[in-house]
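For reference, the structure is listed below as structure tokens.
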Amino acid sequence: MSRSTISTFQLFQMFPDEETARVYLESRLWPKGVTCPTCAGQDRITPRKAGFHRCNKCQLDFTIRTGTIFERSHIPLHKWLYAMYLLVTARKGISSMQIAKEIGVQQKSAWFMLHRLREACGGELAKLQGIVEADEAFFGGKEANKHESKKLRAGRGSVGKTAVVGLRERGGRTIAYPVANTDKECLQGAVLDNVEVGTQLMTDESTGYAGIGGLFFGHETVNHSAGEYKGIRED
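Going left to right, the sequence shown walks through residues 885 to 1119 as my numbering numbers them.
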């Protein structure tokens, strides 16, 4: 791909299927020809069926996935490329739920992909660490202030508003982006996508965060209704 950002439509044209993605990745990883991932040799490689190769020196059968972030993954390579595109073009970050929806995989598969991609990028896409505060809010106009034709007439509160989850690293970075809703799956998915395992997590007592301390995070909560704004309760 060129250094300038291409459109989603252009991406689909370039990589409509697994085969086009494989050929592209091989040209990037092996610009001087197929190379054994074990011995780095090129002179004793025998092509087998499309995408499969054998190193006669190592007696190793391998593909473009061997020894890369794609290894032990059954997700088609063109979906990997699309996930890369989404990750590097999302200005305010992207969640595994969003990627799952965009490329048509399960959320746990999208989380696995994000984890692999962040590892490959090193510190450039490091997760939040230390003490991280998480909260959610709703943005949008009040129903009462909308024109009659714009009113949803579906109740009060968050109706017609966009849910946004915010994660702030004390003394550091902030990540905020819209989510489908504020249920347990969305909120905990946002934390797992963006916060390093072992981090001290601070939230309110929303049921959406319940039990997240058991997912390898230190978790403390506050009760805003009681005037608490510093973490004092352990999950």
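All C-beta atoms, glycine included, are put in the ideal place defined by N, C-alpha and C.
Thinking just about the alpha-carbon of each residue, which of the options is nearest to the one in residue i?
i: A1064; options: R1054, A984, R1002; result: A984
i: H1103; options: I1015, E1069, F1022, G1050; result: I1015
i: T1066; options: A1018, E955, F899; result: A1018
i: Q990; options: G1073, A905, F1101; result: G1073
i: T904; options: Q1013, M981, M1086, P960; result: P960
Suppose you measure from the CA of residue i to the CA of residue j; what does that come to, to the nearest Å?
i: T947; j: H937; result: 6 Å
i: W995; j: A1047; result: 21 Å
i: E1089; j: L998; result: 28 Å
i: A1060; j: E902; result: 33 Å
i: T973; j: T889; result: 8 Å
i: L1076; j: M898; result: 32 Å
State the DSSP-derived secondary structure class of residue i, mapped to helix, strand or coil.
i: E1053; result: strand
i: G973; result: Strictly speaking, residue 973 in this sequence is Thr, with Gly absent from that position. Looking at T973 - three-state DSSP - the assignment turns out to be helix.
i: Q1084; result: strand
i: D1077; result: helix
i: E1089; result: coil
i: I978; result: coil
i: H850; result: For residue 850 there is no data in the structure shown, the boundaries of the chain being 885 and 1119.
Over what stretch of residues does the beta strand (DSSP E) that includes residue i continue unbroken?
i: L944; result: 944 to 946
Where does the unbroken alpha helix (DSSP H) through residue i begin, and where does it stop?
i: R938; result: Run containing R938: none in the alpha helix (DSSP H); it sits in the beta strand (DSSP E), 937 to 939.
Does the Cβ of residue i have 16 or more other Cβ atoms within 10 Å, making it buried, or fewer, making it exposed?
i: C939; result: buried
i: N1107; result: exposed
i: R1040; result: With a pLDDT of 46 at R1040, under the threshold of 50, the predicted position of this residue should be treated as unreliable, and no value is reported.
i: K963; result: buried
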